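Take a look at the structure set out below.
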Amino acid sequence: MYEPKRRSTANHPVTHVICFVRECKAMKKRSVDVATSTKLLVKAGIAVALLASTVCQMACASDTTGKPTLPNRSPFPPQIQLQVPYAPTAFPAEDGEHLLYELYITNFEDAPITLDHVDVIDSNQADRPPLATFAGHSLNEIVRKAGTDDIMDISNVAKPVNINAGSTVVLFLSVTQPPKTSMPKQVVQRLALTNGDVVQGAPVGTQNTRLKVLAPPVEGTHWIADDGPSNASDNHHRRGIFIVDGRMTDSRRFAVDWKQVEQGMPYHGDVHADRSYYAYDKPVFAVASATVVYVRDGLPDNPPGHNRDFHPALPVTFDNTGGNTIVLDLGDGQFAHYYHLKAGSIQVKNGQSVQVGEVIAHIGASGDAREPHLHFEVTTEVPLLAGEGIPYVIDHFQVIGGAGHTLGPRKNETPLDGMLVDFGKGRSRN
Numbered sequence: 001m002y003e004p005k006r007r008s009t010a011n012h013p014v015t016h017v018i019c020f021v022r023e024c025k026a027m028k029k030r031s032v033d034v035a036t037s038t039k040l041l042v043k044a045g046i047a048v049a050l051l052a053s054t055v056c057q058m059a060c061a062s063d064t065t066g067k068p069t070l071p072n073r074s075p076f077p078p079q080i081q082l083q084v085p086y087a088p089t090a091f092p093a094e095d096g097e098h099l100l101y102e103l104y105i106t107n108f109e110d111a112p113i114t115l116d117h118v119d120v121i122d123s124n125q126a127d128r129p130p131l132a133t134f135a136g137h138s139l140n141e142i143v144r145k146a147g148t149d150d151i152m153d154i155s156n157v158a159k160p161v162n163i164n165a166g167s168t169v170v171l172f173l174s175v176t177q178p179p180k181t182s183m184p185k186q187v188v189q190r191l192a193l194t195n196g197d198v199v200q201g202a203p204v205g206t207q208n209t210r211l212k213v214l215a216p217p218v219e220g221t222h223w224i225a226d227d228g229p230s231n232a233s234d235n236h237h238r239r240g241i242f243i244v245d246g247r248m249t250d251s252r253r254f255a256v257d258w259k260q261v262e263q264g265m266p267y268h269g270d271v272h273a274d275r276s277y278y279a280y281d282k283p284v285f286a287v288a289s290a291t292v293v294y295v296r297d298g299l300p301d302n303p304p305g306h307n308r309d310f311h312p313a314l315p316v317t318f319d320n321t322g323g324n325t326i327v328l329d330l331g332d333g334q335f336a337h338y339y340h341l342k343a344g345s346i347q348v349k350n351g352q353s354v355q356v357g358e359v360i361a362h363i364g365a366s367g368d369a370r371e372p373h374l375h376f377e378v379t380t381e382v383p384l385l386a387g388e389g390i391p392y393v394i395d396h397f398q399v400i401g402g403a404g405h406t407l408g409p410r411k412n413e414t415p416l417d418g419m420l421v422d423f424g425k426g427r428s429r430n
């Protein structure tokens with residue numbers, strides 16, 4: 001029986017309870033860095049980062065009467081928890097190096113707080129301009145409140161980002177470094193509240209997994225990377241947080257729905273017929289020489305349809321949402337997932353070794369698929385939605401279209417959301 005490898009302790013949640021220094025006139029409103037330390041507790045193969053100690057330093061000036069200059073400010077640090085549940089890894093794409101990760105903010109105060117803006121800074125160069133700043137509408141676009149279905153607001157009107165007492169919000173963070181500029185080895189998240197307080201977390205590493213160089217999962221031209229890696233507010237993969245076994249994960253963080261199009265359309269003819277779609281029944285290939293660790297077959301294809309027109313062949317459940325599935329063990333605790341495959345097309349078995357470029361199945365519309373496409377992702381676990389989505393690069397492809405994308409060949413890069421791609425024939429395949 002296959003037994004997944006233990007995950008590295010480097011990638012497990014580190015929780016930072018923030019003690020910060022209140023800004024004072026005598027300090028010219030400059031915050032004082034806070035020293036924190038964490039202790040790793042390893043139990044049952046799972047690394048849990050626990051807060052070992054928190055050191056708080058507070059300073060405040062008084063006027064000539066001896067009264068504090070900030071009489072309405074609490075003498076205690078705000079009880080705000082910052083957590084990066086899965087440390088990110090920078091990946092190369094057309095416009096430089098990218099980071100995509102999440103910051104969880106929990107307000108343990110007995111009153112609401114309001115975010116003014118959020119900075120991501122280089123931990124070793126905190127005095128330099130931030131690597132990224134989110135404020136106003138750009139802050140609204142990356143916030144999701146626990147207990148809501150989606151992001152806080154996608155309108156063009158900026159709204160206050162309030163975090164009620166006892167509430168948690170998720171910030172979907174994105175950092176891009178321009179070409180020929182490396183991503184810092186560590187970044188820090190700095191929150192500015194509307195009351196003037198500044199809350200800063202501990203450094204987070206940016207090189208936490210090994211970037212796998214993979215072959216394309218499909219071949220030919222006019223493949224669009226639908227909802228591929230990006231921080232767009234309407235990207236359902238990027239916002240794909242799911243709780244499995246009591247733990248929040250985002251297995252779809254770097255997922256792509258590969259759809260084939262002609263003249264911008266994924267089909268020709270009857271919109272409700274699978275065979276009208278260019279991607280349907282196209283071969284799917286092993287992205288690396290690997291071992292098959294999971295196979296599921298036998299689920300029927302759905303008739304295409306979106307929203308109210310979606311009438312799946314079977315009721316969609318958590319168990320069958322991926323449809324017919326293949327999972328490959330890529331090594332180093334990384335697994336390639338292929339979903340929504342055509343029933344009866346799977347050509348591999350559990351435990352089988354496959355070679356890069358080998359045909360392993362054909363594209364279908366099984367499971368929770370609204371139209372024929374290949375959902376492809378790399379995660380840290382075998383089970384559906386249980387792992388953390390991790391970045392990878394594809395060894396070769398040609399960008400031939402896509403709004404805002406630069407046309408031309410790519411080598412060892414990650415295809416981004418909306419890219420129209422020509423994979424060619426690639427290497428020799430079965």
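Following the UniProt record's numbering, the numbering of the sequence shown begins with 1 at its first residue and continues without gaps. Even for Gly, the Cβ is constructed at its ideal location relative to N, Cα and C. These figures come from a predicted structure and were not determined experimentally.
May I ask which residues mark the beginning and end of the beta strand (DSSP E) holding residue i?
i    : result
L131 : L131 -> no beta strand (DSSP E), and no H or E assigned at all.
N324 : 324-331
L100 : 96-107
H340 : 334-341
N162 : 161-163
S174 : 168-177
A225 : 223-226
A87  : Careful: A87 lies outside any beta strand (DSSP E) and carries neither H nor E.
K185 : No beta strand (DSSP E) contains K185, which DSSP labels as neither H nor E.
Q260 : 256-260
Mind reading off the beta-carbon distance from residue i to residue j? Whole number of angstroms is fine, and I expect it under 8 Å.
i    : j    : result
K342 : I363 : 6 Å
W258 : F376 : 6 Å
L115 : L173 : L115 to L173, Cβ: 13 Å. No contact.
Is residue j closer than 9 Å to residue i when the C-beta atoms are compared?
i           : j    : result
A236        : R253 : It is His, not Ala, that sits at residue 236 in the sequence shown. Not closer than 9 Å, so no.
S345        : N320 : no
G205        : K180 : no
residue 434 : V118 : No answer is possible for residue 434: the residues shown for the chain start at 1 and end at 430.
G351        : V292 : yes
V175        : S123 : no
V382        : F318 : no
P203        : T414 : no
A286        : L328 : yes
I243        : V169 : no
P304        : R370 : yes
P130        : I121 : yes
N307        : A365 : no
H268        : Y278 : yes
Give me the residue from the options with the minimum Cα distance to residue i.
i           : options                : result
D197        : Q79, A336, T89, L407   : Q79
L191        : A135, E219, L100       : A135
L214        : E102, R308, T321, A290 : A290
I163        : T206, T221, N412, L82  : L82
N412        : G401, F397, F423, T406 : F397
L374        : L171, F108, H340       : H340
E388        : T406, D127, P304, Y86  : Y86
G401        : V295, R370, W223       : W223
D274        : F242, Y294, F310, V199 : F310
Q355        : V399, H137, L330       : L330
G298        : T317, G367, A336       : G367
P391        : V378, L384, M248, A403 : V378
G404        : L420, I113, R308, Y267 : L420
H337        : A279, V295, L103       : V295
I394        : D332, A225, A313, Y267 : A225
residue 444 : Q125, D95, L139, D110  : The shown model of the chain, from 1 to 430, leaves out residue 444, and the question about it has no answer.
Buried or exposed for residue i, please, with buried defined as at least 16 other CB atoms from any protein chain shown within 10 angstroms of its CB.
i           : result
A165        : exposed
I18         : In this predicted model, I18 has a pLDDT of only 39, less than 50, meaning its place in the structure is not dependable enough to derive any value.
residue 440 : The first residue shown for the chain is 1 and the last is 430, placing residue 440 beyond what the model contains.
K425        : exposed
P372        : buried
E262        : exposed
S233        : buried
Y349        : Correcting the residue type first, residue 349 is Lys in the shown sequence and not Tyr. So K349 ends up on the exposed side.
P409        : exposed
F108        : exposed
N195        : exposed
Q260        : buried
At which residues does the alpha helix (DSSP H) containing residue i begin and terminate?
i    : result
S289 : Premise fails: S289 is in no alpha helix (DSSP H) and is neither H nor E.
H306 : H306 -> no alpha helix (DSSP H), and no H or E assigned at all.
L139 : 137-140
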